[in-house]
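Protein sequence lines correspond, in order, to chains E and U.
Residue numbers for the first sequence follow numbering that gives the first Met the number 0, beginning at 0 and rising by one.
Residue numbers for the second sequence follow numbering that gives the first Met the number 0, beginning at 0 and rising by one.
Reading through the structure tokens given below for one structure.
Protein chains: 2
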Amino acid sequence: MKILVLGYDGYIGYPLTLHLLRLGHEVYGVDNVSRRRRITKLKSDSLTPILSVVGRIEYLKSNYSNFVGQSTISLGNNPPMHIRGILNHFEPDAIVHLAEQPSAAWSMNNAYRAATTQHENVIGTLHLLWAMHRECSTAHLVKLGTMGEYGTPNCDIPEGRIPNWCLLHEDEPLQKPGDYQPCPMSGLLFPRTAGSFYHLSKVMDTLNIEFACRNWELYSTDIMQGVVFGLANPACQEELTRFDYDECFGTAINRFCTQAIINHPLTVYGEGNQTRGFLTLNDSIQCITIAIENPPLAGEYRTLNQFESVYSINRLALMVHEEADRLGLKTEPNHLTNPRKEAESHYYNPDHQELFDLGYVPTTNTSLEISKLIQKILPFKNRVNKEVIMPKVSWK
Amino acid sequence: MKILVLGYDGYIGYPLTLHLLRLGHEVYGVDNVSRRRRITKLKSDSLTPILSVVGRIEYLKSNYSNFVGQSTISLGNNPPMHIRGILNHFEPDAIVHLAEQPSAAWSMNNAYRAATTQHENVIGTLHLLWAMHRECSTAHLVKLGTMGEYGTPNCDIPEGRIPNWCLLHEDEPLQKPGDYQPCPMSGLLFPRTAGSFYHLSKVMDTLNIEFACRNWELYSTDIMQGVVFGLANPACQEELTRFDYDECFGTAINRFCTQAIINHPLTVYGEGNQTRGFLTLNDSIQCITIAIENPPLAGEYRTLNQFESVYSINRLALMVHEEADRLGLKTEPNHLTNPRKEAESHYYNPDHQELFDLGYVPTTNTSLEISKLIQKILPFKNRVNKEVIMPKVSWK
């Protein structure tokens with residue numbers, strides 16, 4: 000299969016590219032390297048020592064004859080003809096779109112960063128959709144969204160659309176508990192309640208992609224991904240992916256494990272009962288590959304909720320504490336004033352059946368994965384910059 | 000009251016500005032004049048002979064001492080500091096935001112125009128929200144959205160959010176017809192199903208504004224406006240507003256009436272059973288004024304569905320035909336292949352009670368309004384450019 004990977008230099012993009020190359024697919028990569036630039040500007044760096052951009056290109060070209068090329072265009076900031084030219088030239092069967100500004104905290108920092116996030120993400124995806132419409136409307140768009148698009152509504156979260164039958168779980172169900180009633184809104188997109196300008200940009204992408212499927216008969220898998228953690232299985236040092244732990248580009252488990260290796264308190268925001276879906280980086284790569292191999296029908300807009308299991312932040316901090324303790328590392332959870340405006344205790348019950356139906360076999364032992372991660376990053380403990388760990392951006 | 004009118008040079012903006020000035024409010028106007036530029040580029044022009052930009056500024060300054068100033072900044076294309084400076088300087092009590100690219104057809108023309116529409120509208124509103132957050136978080140944002148954000152779902156359309164009680168209008172209601180059932184999604188934003196990249200930009204604005212109210216405790220009235228038609232009541236020639244009839248910037252009734260005065264067939268797209276909410280320009284000005292005078296609470300995101308009554312396009316074409324006939328003008332409805340992808344026969348039952356509760360007294364005789372409009376624009380029949388009437392942009 001010919002697969003275009005947008006954002007191939009990123010945390011997920013690089014190991015996904017390697018995985019697809021090992022499976023024998025032809026891969027063309029696009030990345031504007033904005034993640035590297037922004038991490039440097041925050042005075043942070045990948046905890047893992049990764050190859051330079053040029054080093055990676057040379058490595059991929061030397062070791063994988065099916066890595067057919069790369070480009071550093073920016074989807075949102077370059078004219079739409081640039082991505083259109085790549086589609087015309089490469090004629091992909093599938094397009095994996097990971098090329099977005101991925102940090103919620105960064106988007107909440109100031110007006111410029113909020114606007115940059117929404118411009119790059121929304122206009123970037125819009126340029127891509129127009130290019131697909133004109134050049135390769137039969138390609139499958141696999142787009143990375145986030146579970147954060149839904150927010151934390153006080154009801155069950157379906158996969159993308161309001162289901163045909165709507166569970167009544169109010170105090171006084173009409174007949175007996177668990178009754179289902181027909182919902183007049185069934186089939187409409189389930190309402191999103193995003194909690195940052197970044198998360199909103201992903202909802203906006205959802206709206207544009209769903210419309211492009213409805214109006215132009217493109218087809219797409221829109222992945223609502225949980226929080227990813229861990230490292231993939233690199234064949235050698237050159238295949239290591241980046242690993243961020245700073246306030247903006249790091250995420251909960253990765254940041255906790257980094258804190259554990261330097262005996263820093265685990266920074267839990269607020270009460271810590273915030274509950275989210277999580278999955279390992281290997282699982283994320285597995286799921287994206289499953290989506291590529293099982294495309295939806297022409298004109299179909301399919302949503303997959305992509306995570307293994309839900310955990311509260313407190314539970315995760317405790318797991319990191321326990322696994323670190325077993326490895327002789329001393330660290331304790333420390334509750335900070337929450338810089339974000341979010342529910343710190345809430346109902347959370349998202350559906351995620353569809354990927355399992357397609358064959359997803361998850362990594363279920365999260366404690367073990369946390370232990371393995373701590374051991375993998377321990378050799379890099381001297382690379383940690385303590386200055387970038389604590390939250391500085393107030394969302395309020 | 001100190002009122003900032005963004006888009007004060009437009010079809011609604013100019014007569015609204017005059018109305019607010021006559022009521023004694025202090026008004027500051029912002030307009031980047033993009034509508035005039037784009038109409039010229041389409042080789043069209045306002046059917047009504049309007050003052051130049053400079054002419055209007057001179058007229059307003061000479062005749063209304065409470066017109067305190069104006070600026071030609073672009074909300075989306077200038078840095079966010081520009082609008083922030085205006086808010087800091089003027090300190091408005093209310094901000095009426097009409098400064099957006101308003102044409103669905105224009106947004107569907109090509110990738111550049113789609114991206115320009117979403118960039119200008121979404122980033123423009125985002126810059127405004129940040130500026131309000133920093134400079135005047137106690138001002139009331141009155142934002143013009145569109146009923147087109149909802150699209151045409153096969154269920155009742157509430158005002159903004161999913162109601163506490165959800166009407167079951169399926170074939171088999173649980174107990175008796177008209178039964179209401181508690182909805183677990185109540186309070187979430189009602190799902191939007193927009194039909195163009197322009198309409199999607201308005202949904203994106205809705206998402207950003209609702210979040211700004213939730214996160215920063217700004218407060219806003221988001222107006223889901225129906226299709227506006229007619230001319231306001233200018234005190235003199237200098238107070239005439241623009242009147243567009245071209246494929247992109249003209250809307251159904253205004254275009255039909257323009258066709259009537261030159262004996263052109265009335266261009267009905269497809270079957271013509273598309274049903275929408277409509278209101279006169281005078282009613283739109285009345286409703287926006289009511290919203291300004293009755294602000295919501297701090298932190299509240301309020302949605303008003305703003306229209307007088309719903310009509311099918313066929314019904315409107317028939318009304319224009321009949322009124323034109325009475326005035327001795329010969330014209331017939333003519334069904335064209337629909338350039339848009341839309342349901343041509345559908346259920347449509349949007350709620351619009353809230354404005355009536357606030358005191359909206361609508362102009363109810365639509366036939367009479369159509370007749371008056373035809374008579375008002377008849378003197379300008381020689382200004383019509385027939386070349387711009389027929390649809391050229393395919394949405395598919």
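All C-beta atoms in this analysis are idealised placements derived from N, C-alpha and C, irrespective of residue type, glycine included.
Nothing here was measured: the structure is a model prediction, and the numbers come from that model.
With DSSP run on the structure shown, which of helix, strand or coil describes residue i?
i, result
"U:G229", "coil"
"E:L173", "For E:L173, the pLDDT reaches just 49, beneath the cut-off of 50, and the residue's location in the model is therefore unreliable, although a value from the coordinates is still provided. Of the three classes helix, strand and coil, the one that applies to E:L173 here is coil, per DSSP."
"E:V348", "Note that residue 348 of chain E is Asn in the sequence shown, not Val. Correct three-state label for E:N348: coil."
"E:H168", "A caution first: E:H168 carries a pLDDT of 47, below 50, which makes its placement in the model unreliable, though a value can still be read off. Of the three classes helix, strand and coil, the one that applies to E:H168 here is coil, per DSSP."
"U:N187", "Looking at the sequence itself, residue 187 of chain U is Leu, so the reference to Asn does not match. Note: U:L187 maps to coil in three-state DSSP."
"U:R254", "helix"
"U:R302", "Note that residue 302 of chain U is Thr in the sequence shown, not Arg. The answer is strand: DSSP assigns U:T302 an E or B state."
"E:T363", "coil"
"E:S219", "strand"
"U:E341", "coil"
"U:K380", "helix"
"E:T240", "coil"
"U:C286", "helix"
"U:V392", "coil"
"E:F248", "coil"
"E:G123", "helix"
"E:I85", "helix"
"E:I260", "helix"
"U:S106", "helix"
"U:C235", "coil"
"U:K329", "coil"
"E:T151", "coil"
"E:T205", "helix"
"E:C182", "coil"
"U:A193", "coil"
"U:N313", "helix"
"U:I161", "coil"
Checking the sheet assignment: what are the DSSP bridge partners for residue i?
i, result
"U:Q100", "None; U:Q100 has no bridge partner."
"E:A93", "E:I2, E:H139"
"E:Y277", "Contrary to the premise, residue 277 of chain E reads as Phe rather than Tyr in this sequence. In DSSP, E:F277 forms a bridge with E:V226, E:S308."
"U:I291", "For U:I291, which the question treats as bridged, DSSP gives no partner whatsoever."
"U:I156", "U:P349"
"U:H334", "U:V267"
"E:T115", "Answer is none; E:T115 lacks a bridge partner."
"E:G145", "One detail in the question is off: residue 145 of chain E reads as Thr in this sequence, not Gly. For E:T145, which the question treats as bridged, DSSP gives the partners E:Q224."
Throw me the rounded Cβ distance for the residue i and residue j pair, which I believe falls under 8 Å.
i, j, result
"U:R133", "U:R213", "Not a contact, Cβ separation roughly 18 Å."
"E:A138", "E:P183", "E:A138 to E:P183, Cβ: 35 Å. No contact."
"U:T47", "U:L239", "5 Å"
"E:C286", "E:L377", "At roughly 28 Å, the Cβ-Cβ gap does not stay under 8 Å, so E:C286 and E:L377 are not in contact."
Please determine, among the options, the residue with the shortest C-alpha to C-alpha distance to residue i.
i, options, result
"U:F196", "U:A104, U:K391, U:E343", "U:A104"
"E:L199", "U:F210, U:A193, U:L199", "U:F210"
"E:R160", "E:P79, E:Y10, E:D221", "E:D221"
"E:Q69", "E:V383, E:V141, E:Y27, E:F306", "E:Y27"
"E:L125", "U:N109, U:T124, U:L127", "U:N109"
"U:N65", "U:I94, U:K1, U:I252, U:E148", "U:K1"
"U:G327", "U:E270, U:I260, U:K142", "U:I260"
"U:P295", "U:N87, U:L357, U:T71", "U:L357"
"U:T205", "U:H96, U:S106, U:N153, U:R339", "U:H96"
"U:L372", "U:Y63, U:C286, U:F242", "U:F242"
"U:Q305", "U:N313, U:A297, U:G276, U:R314", "U:G276"
"E:S73", "E:R55, E:S33, E:M107", "E:S33"
"E:L217", "E:H18, E:M131, E:K201, E:E341", "E:M131"
"E:G271", "E:S102, E:A316, E:T302", "E:A316"
"U:G123", "U:I208, U:M107, U:P152", "U:I208"
"U:T362", "U:C235, U:G229, U:N313", "U:G229"
"U:F248", "U:Q374, U:L17, U:R36", "U:R36"
"E:I289", "E:L187, E:S311, E:A93, E:S102", "E:A93"
"E:R55", "E:Q374, E:T16, E:P78, E:K42", "E:T16"
"E:S344", "E:E321, E:L367, E:Q273", "E:Q273"
"U:N77", "U:R382, U:H118, U:H351", "U:H118"
Query raised in the report: Can you give, in chain order, each stretch of the alpha helix (DSSP H) that sits fully within the segment 2–78 of chain U and has at least 4 residues?
Result: 12–21, 33–40, 52–62
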